[in-house]
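In what follows, a structure is listed as structure tokens, so that the remarks can point back to it.
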Amino acid sequence: MTTLYIITIALALWGFFLALHINKKKKAPGPMVCPLGASCKDVVKGEFSSFLGIGLELFGAVYYAMIAISYAFILLNPNHVSDYFIFVLTGFTISAFLFSLYLTFIQAFYIKSWCSWCLTSAAISIFIFILTVVNVVMQNIIFVPILAEMKTLVLIGHLFGFALGVGGATVSDVLFFRFLKDFKITKPEHQILETMSQIVWVGIVIAVITGIGLYLPNAEALNQSSKFLLKTIVVSVIIVNGALLNLLISPRLMKMSFSDSLHVGQAHKFRKLAFAFGAVSFISWYSAFILGTIKSIPLSLGTLLLIYIFMLICGIIGSQIAEYLYCTRRSRK
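Counting from 6, one number per residue, gives the positions in the sequence shown under this note's numbering.
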């Protein structure tokens, strides 16, 4: 185990200094060139390079520092480390691992440009995750009893995640309609919507992670619950809908002005899609929140699913009517 801890600490220190190096290069003037010869500007200085105004490399530096310090503590005090400490540490490691996969996906399919520094950081995060899992397995630590004991705390986190998601989605939709009064979204307005979107994604991550924490100790009973199964479907819709809206629709919509006659056809198409995706997000978030607050529903999964689909259809139709009214207003002007 000592060797495993030393390797993990070494990887964390490597990641920490790499994150600081990226931050230094990011602030330096002139073009950014990766060791492999590619341009890193689109990745390191692009729209996905920060979160809530803070550079992702700084989040990475804090994470790696925490991992190095934590495993150094475990190495020096092996008899004073509880399963709860390992549990929390594993949670951070899993979150970082999933976020690294997300950022790699963004580089591959959205930005379509690679940053060798970022890929190295992702690889470090993946190796730390693997070593953490090996550590948990070798020590035969079982997290389900811990989750059962922490049920109240996990439930509070779950409700907090949904509060962020519902609030963020509601404010985003309201602002989106308000910003469209002049039939275009300016750069400052886009930045506001992007910030709200990031808050919504924080809510999604918290809700999903805590949802898993609530599920594992009661898996057998929840698998028979139509309410829980529908909520799982709704959350899946929220994730897919949010990904499509943020990675495909919004970026294209920002590139064209609603008042630009050269792009009026495309703008109209993507505006209609944006209204539809917004309606799906709004209805799904409130559906998931209501399902989470109701103790039980005496209806089958099929019946609940039909009700949810009906609400989605009504919401999408309503969104298209709203989009049509906006277009009519513009033509009259």
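We treat Cβ as the ideally placed atom computed from N, Cα and C, and that holds for glycine.
Its Cα nearest to that of residue 198, the residue 247 stands out among 247, 115, 92. Residues of the same chain with a CB within less than 7 angstroms of the CB of residue 294, apart from the 5 flanking positions on each side, are 167, 171 in chain order. Residue 286 sits close to residue 243, with the two beta carbons spaced by under 9 angstroms. Taking the Cα of residue 59 as reference, the smallest distance to any Cα among 123, 309, 203, 149 is reached at 203. For residue 60, the three-state secondary structure derived from DSSP is strand. Taking a cut-off of 8 angstroms on C-beta distances, the segment 304–319 touches the segment 230–245, as three or more cross pairs fall below it. Annotation: the continuous alpha helix (DSSP H) that includes residue 123 extends over 121–143.
Residue 292 sits away from residue 231, with the two beta carbons spaced by 9 angstroms or more. If you ignore the 5 residues before and after residue 328, its C-beta comes within less than 7 angstroms of the C-beta of 276, 277, 280, all in its own chain and listed in chain order.
With fewer than 16 neighbouring CB atoms inside 10 Å of its own CB, residue 226 falls in the exposed class. Note: residue 55 is bridge-paired with 60 in the DSSP secondary-structure output. By alpha-carbon distance to residue 112, the top candidate from 30, 252, 7 is 252. About 5 angstroms separates the beta carbons of residue 290 and residue 174, which is inside the 8 angstroms limit, making them a contact pair.
Of 194, 273, 163, 62, the smallest CA-CA separation from residue 219 is found for 163. Collapsing the DSSP output to three states places residue 71 in a helix. In terms of Cα proximity to residue 160, the closest of 298, 326, 16 is 298. Residue 6 sits in coil when the DSSP states are folded into three classes, being neither helix nor strand.
Cβ-Cβ distances below 6 angstroms link residue 92 to 148, 151 in the same chain, with the five nearest sequence neighbours on each side left out; the list follows chain order. For the pair residue 141 and residue 95, the CB atoms are nearer than the 9 angstroms cut-off. Only residues of its own chain outside the window of five on either side were considered, and among them 60, 62, 63, 66 have a CB closer than 8 angstroms to the CB of residue 28, listed in chain order. Excluding the 5 residues flanking it on each side, residue 205 has same chain C-beta neighbours closer than 6 angstroms at 170, 173, 174, in chain order. In the three-state reduction of the DSSP assignment, residue 191 falls in the coil class, being assigned neither a helical nor a strand state. Counting along the chain, no alpha helix (DSSP H) covers residue 304, and no H or E run does either.
The three-state secondary structure of residue 242, taken from DSSP, is helix. Around the Cβ of residue 13, a 10 Å sphere holds 16 or more other Cβ atoms; the residue is buried. 102 is the residue among 224, 228, 72, 102 whose C-alpha sits nearest the C-alpha of residue 210. From the listed residues 240, 82, 229, the smallest Cα separation to residue 213 is found for 240. Residue 133 sits close to residue 17, with the two beta carbons spaced by under 9 angstroms.
A distance of 9 angstroms or more separates the beta carbons of residue 90 and residue 100. Ranking 208, 194, 324 by CA distance to the CA of residue 165 puts 208 first.
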